[in-house]
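Engineer: My numbering puts the first residue of the sequence shown at 4, with every later residue one more than the last.
Please read through the structure below; I'll follow up with questions.
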Amino acid sequence: MDKDKWTPDDEFWAQTGKTPPQPVNSGNAEEDAQDLWDDSVAAAPRDEHTQHYRPSQEEQEWEAQAGDTWESHGEQEQGSQDSGWEPSPMDEMRHEEQQTVHRRIEPKHHRDDRVDEPEPEGDGGDGGDDDIKKLVRLLVIIGVSTIAVLIIAGIIIFKVMTAPGKSANENSQSSAVESEESSITYEGSEMAGVVLNVNEELYQVTVYDGVNQVETTFSLQNAKSITDQYGKEMNIGSIQRGQIVEVRYNAANENAVELFRISAKTSALEDVTGATVSDHTITVGDTTYTFDDKLVCTYQGKEFDIASLTSQQVFTAQAMEDHIYTIYVTYSTGTLKLVNQDLDQYAGAELKATPAAGAPVTAAITKDMQPIALLEGLNSIVVTKDSVTVYSGQIFITSGKEQELTLPNGAEKTGTVKFSLNPANATVDINGQTYHNGDEATLPYGEYTMTVKADAYESLEQTITVGQPYVTAALSLNASKTKVSIESSMANSIVYINGDLYDSAPCEVMLGPGTHEITVSNTGYKDVTMTIQITAGKAEQVLYFSNFEKNDPEPEPPESSTESSEDSQTSSNENNSSRGQDTSSDTSTSQDSRDGH
Numbered sequence: 004m005d006k007d008k009w010t011p012d013d014e015f016w017a018q019t020g021k022t023p024p025q026p027v028n029s030g031n032a033e034e035d036a037q038d039l040w041d042d043s044v045a046a047a048p049r050d051e052h053t054q055h056y057r058p059s060q061e062e063q064e065w066e067a068q069a070g071d072t073w074e075s076h077g078e079q080e081q082g083s084q085d086s087g088w089e090p091s092p093m094d095e096m097r098h099e100e101q102q103t104v105h106r107r108i109e110p111k112h113h114r115d116d117r118v119d120e121p122e123p124e125g126d127g128g129d130g131g132d133d134d135i136k137k138l139v140r141l142l143v144i145i146g147v148s149t150i151a152v153l154i155i156a157g158i159i160i161f162k163v164m165t166a167p168g169k170s171a172n173e174n175s176q177s178s179a180v181e182s183e184e185s186s187i188t189y190e191g192s193e194m195a196g197v198v199l200n201v202n203e204e205l206y207q208v209t210v211y212d213g214v215n216q217v218e219t220t221f222s223l224q225n226a227k228s229i230t231d232q233y234g235k236e237m238n239i240g241s242i243q244r245g246q247i248v249e250v251r252y253n254a255a256n257e258n259a260v261e262l263f264r265i266s267a268k269t270s271a272l273e274d275v276t277g278a279t280v281s282d283h284t285i286t287v288g289d290t291t292y293t294f295d296d297k298l299v300c301t302y303q304g305k306e307f308d309i310a311s312l313t314s315q316q317v318f319t320a321q322a323m324e325d326h327i328y329t330i331y332v333t334y335s336t337g338t339l340k341l342v343n344q345d346l347d348q349y350a351g352a353e354l355k356a357t358p359a360a361g362a363p364v365t366a367a368i369t370k371d372m373q374p375i376a377l378l379e380g381l382n383s384i385v386v387t388k389d390s391v392t393v394y395s396g397q398i399f400i401t402s403g404k405e406q407e408l409t410l411p412n413g414a415e416k417t418g419t420v421k422f423s424l425n426p427a428n429a430t431v432d433i434n435g436q437t438y439h440n441g442d443e444a445t446l447p448y449g450e451y452t453m454t455v456k457a458d459a460y461e462s463l464e465q466t467i468t469v470g471q472p473y474v475t476a477a478l479s480l481n482a483s484k485t486k487v488s489i490e491s492s493m494a495n496s497i498v499y500i501n502g503d504l505y506d507s508a509p510c511e512v513m514l515g516p517g518t519h520e521i522t523v524s525n526t527g528y529k530d531v532t533m534t535i536q537i538t539a540g541k542a543e544q545v546l547y548f549s550n551f552e553k554n555d556p557e558p559e560p561p562e563s564s565t566e567s568s569e570d571s572q573t574s575s576n577e578n579n580s581s582r583g584q585d586t587s588s589d590t591s592t593s594q595d596s597r598d599g600h
């Protein structure tokens, strides 16, 4: 065939080197046409990505013309059954591919300048199935991720709810420390000790480990973490001498610091007074602590000699276990000196100084007394002699300095004491001097012991304080008592005194002046009562009770002369039984009455 007369079909089969499919006459025209179509489609060239039919340039040009011809012939075919044009199988294949290829959604990197068209709905091929699979896969991934997140959140909530109880402040501080440490990987050595020196210019800190007695200087220049005891970040300017710290460092790398933290494991001793210092030990109450030569002891930021620490001074301390590293003296002492030329008039007096903080101090005033060590600050001074205040005032003591005090001089103060005594014949003795009822005595201010006496009365000793110009001393004595012995001729006799149950005979009782009633009681016998008169100073009395009379018998009921039956006898027995019970009841009532006295 002349090549100039080739159709696109001829060129197609020539390029592929394949033989065009030939129609088969099987007797079924529809099946033959379908087989021819399938063979043609299978043999047609395909795009390597889309696997769709790929026409050549010439085919595309020819197809543009053939399309119009196809449509025009199609219209003629619909309008007239006598149309002479019939499409070949290849024409039909190209036409079908042309209609479907552009409806396919091609990969983006193969789209060039062509306009995307939506994929047809329904049974449009495998593209819809792929999208469904992707959607299902995405939903599965989202579901699994959601479940995993919920499980993790539940575990976290459970751990938080079951954690040991802490306060809000402790939780926040603990969380901060854990968060800080969880982000750092520590290596190397650890130590705890007291800060001896801070060099801010070189960014260095010297720490002393009291347990191992090792002093080490650390550079904080490249420290991973510098925090306080709560995990809060801090700089070297916040580190102070005397603080107890914990250090984690790499000894193999020039002591490179990984963690530098104010220790939270220390025990603080607050406002300590009364401590006793001896050879490298400090006793506070019942607890003894140790310290060494590296102890940091300061007062107002300056060094303080631990040997001069007294029980009066107030301090706070930092310790780990039983070793004290730091002492801060908060209140030190000065001295007070009495400068009176003649202290003899205050001989026996007592001075008491009460500071604003700390324990009071007392000292006896003597002629040659030495200065008194007092706590610094404002002190209240009270001087008493013979329980009488002779001076009171306030004085300010400065640490390390001596303060002078002059007590007032003057004539000895006296007061008048008037005595009112009962009984009127009583006397009172003071310092060997005897005074009577209504007497007045002029005495120097002070405390005195009085002895009061009177016949037939008990003696009395009592103290009196003369601290004002006029004092009344009203004193009464108790009358003397007489011992009374009570005996009975019958055993188990009960003794009542003035109506009150006292004891069983024999017994003794001390009775004061006056009239007293003594009663002795025995079961089945009449009570015996004696009335006695006790006078002051009367000698011992003995009371003997005897001749007890039995209680009167109960009268018997009259006997019946006409009734002798068993019923009558039974009635009589019941009556007798009833009277016996009444008698017993009366006796019991009498005994209860005596108990009530």
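We put the beta carbon where it would ideally sit given N, CA and C, even for glycine.
Quick caveat: nothing in here was measured; it's all calculated off a predicted structure.
Taking only three categories from DSSP, how would you classify residue 221?
Structural biologist: The sequence position of residue 221 within the sequence shown is 218, counting from 1. In this structure, residue 221 counts as strand in the three-state DSSP scheme.
Engineer: Can you tell me which of 503, 489, 488 and 507 puts its alpha carbon nearest to the alpha carbon of residue 497?
Structural biologist: Translated into the one-based positions of the sequence shown, residue 497 becomes position 494. Comparing Cα positions, the closest option is 507.
Engineer: Residue 320 and residue 249: beta carbons closer than 8 Å?
Structural biologist: Residue numbering aside, residue 320 sits at position 317 when the sequence shown is read from its first letter. Residue numbering aside, residue 249 sits at position 246 when the sequence shown is read from its first letter. Not in contact: residue 320 and residue 249 (Cβ atoms no closer than 8 Å).
Engineer: If you drop the 5 nearest sequence neighbours on each side, which residues of the same chain put their C-beta closer than 6 Å to that of residue 270?
Structural biologist: Locating residue 270 in the sequence shown gives position 267, counting from the first residue. Answer for residue 270: 322, listed in chain order.
Engineer: Which of the three DSSP states is assigned to residue 127 in this structure?
Structural biologist: Reading the sequence shown from its first residue, position 124 is the one you call residue 127. Confidence in residue 127 is poor, its pLDDT being 48 and thus under 50, which makes the residue's placement too unreliable to answer from.
Engineer: Under three-state DSSP, which class holds residue 305?
Structural biologist: For the purposes of this step, residue 305 is identified with residue 302 of the sequence shown, where counting begins at 1. Residue 305 falls in the strand class under three-state DSSP.
Engineer: So, with DSSP's three-state summary, where would you put residue 140?
Structural biologist: Translated into positions along the sequence shown, residue 140 becomes position 137. Note: residue 140 maps to helix in three-state DSSP.
Engineer: Under 8 Å by Cβ, that's how I've got residue 380 and residue 360 pegged, so tell me the actual separation to the nearest angstrom.
Structural biologist: The residue you call residue 380 lines up with position 377 of the sequence shown. The residue you call residue 360 lines up with position 357 of the sequence shown. Contact flag correct, Cβ pair sits at about 7 Å.
Engineer: Going by DSSP, which residues form a beta bridge with residue 264?
Structural biologist: Within the sequence shown, the letter at position 261 stands for residue 264. Looking at the DSSP assignment, residue 264 forms a beta bridge with 230 and 249.
Engineer: Starting from residue 206, trace the beta strand (DSSP E) both ways and give me its first and last residue.
Structural biologist: Residue 206 sits at position 203 when you count from the first residue of the sequence shown. Note, residue 206: premise wrong, no beta strand (DSSP E); not H, not E.
Engineer: Excluding sequence positions up to five away, which residues of its chain have a Cβ less than 7 Å from the Cβ of residue 459?
Structural biologist: Working through the sequence shown from its first residue, we reach residue 459 at position 456. Excluding residues within five positions, the ones whose Cβ falls inside 7 Å are 482, 483, 539 and 540.
Engineer: Restricting to Cα atoms, I'd like to know which of 426, 332, 470 and 364 is closest to residue 390.
Structural biologist: As a working note, residue 390 is residue 387 in the sequence shown. The residue with the shortest Cα to Cα distance from residue 390 is 470.
Engineer: Please name the residue in 492, 208 and 204 whose C-alpha comes closest to that of residue 531.
Structural biologist: Counted from its first residue, the sequence shown places residue 531 at position 528. The residue with the shortest Cα to Cα distance from residue 531 is 492.
Engineer: Could you tell me which uninterrupted beta strand (DSSP E) segments, each at least 3 residues in length, are contained entirely in the segment 357-424, listed from first to last along the chain?
Structural biologist: Listed in chain order, the complete beta strand (DSSP E) runs (minimum 3 residues) inside the segment 357-424 are 364-367, 375-378, 380-388, 391-400 and 405-408.
Engineer: Look up residue 328 in the DSSP assignment and give the residues it is bridged to.
Structural biologist: Residue numbering aside, residue 328 sits at position 325 when the sequence shown is read from its first letter. Answer is none; residue 328 lacks a bridge partner.
Engineer: Nearest to residue 475 by CA position, among 442, 490 and 502, is which residue?
Structural biologist: Residue mapping note: residue 475 aligns to position 472 of the sequence shown, counting from 1. Ranking 442, 490 and 502 by Cα distance to residue 475 puts 442 first.
Engineer: Taking the CB atoms as reference points, tell me whether residue 543 and residue 485 lie closer together than 8 Å.
Structural biologist: Locating residue 543 in the sequence shown gives position 540, where the first residue counts as 1. Locating residue 485 in the sequence shown gives position 482, where the first residue counts as 1. Result yes, Cβ atoms of residue 543 and residue 485 sit closer than 8 Å.
Engineer: How long is the line joining the alpha carbons of residue 316 and residue 207, rounded to whole angstroms?
Structural biologist: Along the sequence shown, read from residue 1 onward, the residue named residue 316 stands at position 313. Along the sequence shown, read from residue 1 onward, the residue named residue 207 stands at position 204. So the two alpha carbons sit approximately 34 Å from each other.
Engineer: Please give the ranges of any alpha helix (DSSP H) in the segment 464-541, keeping only runs that are unbroken, at least 4 residues long and fully inside the region.
Structural biologist: Taking only runs of at least 4 residues, no alpha helix (DSSP H) segment lies wholly in the segment 464-541.
Engineer: Just how far apart, CA to CA, sit residue 342 and residue 220?
Structural biologist: Position 339 of the sequence shown holds residue 342. Position 217 of the sequence shown holds residue 220. So the two alpha carbons sit approximately 53 Å from each other.
Engineer: Buried or exposed for residue 335, please, with buried defined as at least 16 other CB atoms from any protein chain shown within 10 angstroms of its CB.
Structural biologist: Position 332 of the sequence shown, counted from the start, is the residue given in the question as residue 335. Classification for residue 335: buried.
Engineer: Which residues does DSSP pair with residue 290 in a beta bridge?
Structural biologist: The residue given as residue 290 occupies position 287 in the sequence shown. Answer is 287, bridged to residue 290.
Engineer: Considering Cα atoms alone, identify which of 417, 205, 438 and 214 is closest to residue 239.
Structural biologist: The residue you call residue 239 lines up with position 236 of the sequence shown. With distances taken between Cα atoms, residue 239 lies closest to 205.
Engineer: Using 8 Å for Cβ pairs, my map puts residue 254 next to residue 191. What's the rounded Cβ distance?
Structural biologist: As a position in the sequence shown, residue 254 is number 251, starting the count at 1. As a position in the sequence shown, residue 191 is number 188, starting the count at 1. With a Cβ gap of about 6 Å, residue 254 and residue 191 count as contacting.
Engineer: Assign residue 158 to one of three DSSP states: helix, strand, or coil.
Structural biologist: Mapped onto the sequence shown, residue 158 falls at position 155. Three-state DSSP puts residue 158 in a helix.
Engineer: Taking the C-alpha atoms as reference points, what is the distance between residue 313 and residue 217?
Structural biologist: Residue mapping note: residue 313 aligns to position 310 of the sequence shown, counting from 1. Residue mapping note: residue 217 aligns to position 214 of the sequence shown, counting from 1. Approximately 30 Å, taken between the alpha carbons.
Engineer: Using three-state DSSP, classify residue 194 as helix, strand or coil.
Structural biologist: Residue 194 sits at position 191 when you count from the first residue of the sequence shown. Of the three classes helix, strand and coil, the one that applies to residue 194 here is strand, per DSSP.
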